[in-house]
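Before any comments, here is the structure.
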Amino acid sequence: MGEFFYVDVLKDVTEILERLGCEVDVPEGQICCGQPAYNSGYAKDTKGPAKQMIKAFEHSDYIVCPSGSCATMFHEYPNFFSDEPEWEDRAKQVAAKTYEFTQFIVRVLGVVDVGAEYHARATLHTSCHMTRLLGERESHYTLLKHVKGLELVPLPNNYDCCGFGGTFSVKMFPISEQMVDEKIRHIEETKADVLVGADASCLMNIGGRMNRLGKPIKVLHIAQILNSHQGKGDERDADESRKSTIL
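Going letter by letter, the sequence shown gives residues 1 to 247 in full-length UniProt numbering.
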């Protein structure tokens, strides 16, 4: 999705990581992580793509995903190979070094302020996969709280699903539509100028619906905020450089 719909986000992620001392590589052998097929019930058909992704990324020090959903899928890979011990072990090694973008910055690099500046009133939508499956509830808040000029206001019922859910939004459209409309009502309650999120699929769903309804709220990926008026981030050891891979 990033490659086709959010190219600028991938550039922002890359620039931020490089400024923080990471060597960023984008393996050509990567494909879709397989989550759409997996969530639609085609678990066996997901093993092939999973193997290709494992081969593409297993030699990296870290794997950084600008999406909690994709990072979660990497953590699911070991469950696919209970009947193939070699691949199960390789999948576990890949999963152990896979992080969502903000999670990597805060948990691995130990940075809480990337020197960003963005003047707006914003509210944050946290995705289901990010919070419930990946178990990350703090890293995105931590980074946004240190953005100069950004007023971050709580989103009511923030942990409610936006209604996307991949093919759920197509197969169960009436329910999905009601869910995203409720999410938009909560967003409007905050009087925010900007909706921020860390998952492109959620942002595309919410942003698309707001556009159809004529809502003036801007929708941005968190990397776009963190790469705005970027200054010097936290001081780090000049000799400390990590090789990371961006998905």
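Even for Gly, the Cβ is constructed at its ideal location relative to N, Cα and C.
Just so we're clear, the structure is a prediction, and the values are computed from it rather than from any experiment.
With C-beta atoms as the reference, is Gly-117 less than 8 Å away from His-221? Sequence check: residue 117 is Glu here, not Gly. For Glu-117 and His-221, no; Cβs fall outside 8 Å.
For the alpha helix (DSSP H) containing Tyr-141, list its first residue and its last residue. Per DSSP, Tyr-141 is one residue of the alpha helix (DSSP H) stretching across 139-145.
Beta-ladder partner(s) of His-229, from DSSP: Answer is none; His-229 lacks a bridge partner.
Should His-146 and Val-194 be called a contact, given that it needs their Cβ atoms to be closer than 8 Å? No, the pair does not count as a contact, with Cβ atoms beyond the cut-off.
Please classify His-186: does DSSP put it in a helix, a strand, or coil? In this structure, His-186 counts as helix in the three-state DSSP scheme.
Are the beta-carbon atoms of Glu-151 and Arg-121 separated by less than 8 Å? yes
Inter-residue spacing [alpha-carbon to alpha-carbon] between Lys-97 and Ile-63: C-alpha separation (whole angstroms): 6 Å.
With a threshold of 8 Å on Cβ separation, who are the neighbours of Val-153 within its own chain once the five nearest residues in sequence on each side are excluded? Arg-121, Ala-122, Thr-123, Thr-190, Lys-191, Ala-192
Cα separation between Ser-44 and Asp-89? The sequence given here places Lys at residue 44; Ser does not occur at that position. Straight-line Cα distance between these residues: approximately 18 Å.
Which residue comes first and which comes last in the beta strand (DSSP E) that contains Tyr-38? Looking at the DSSP string, Tyr-38 is not in any beta strand (DSSP E); the run it does join, the alpha helix (DSSP H), is 35-39.
Helix or strand or just coil, what does DSSP make of Glu-18? helix
Leaving out five residues on either side along the sequence, give the residues of the same chain with a beta carbon under 8 Å from the beta carbon of Lys-55. Gly-29
Assuming contact is defined by CB atoms lying nearer than 8 Å, are His-186 and Leu-213 in contact in what I supplied? no
Could I get the ranges of all uninterrupted beta strand (DSSP E) runs contained in the region 61-141, with 3 residues as the minimum, in chain order? 62-65, 98-100, 117-125
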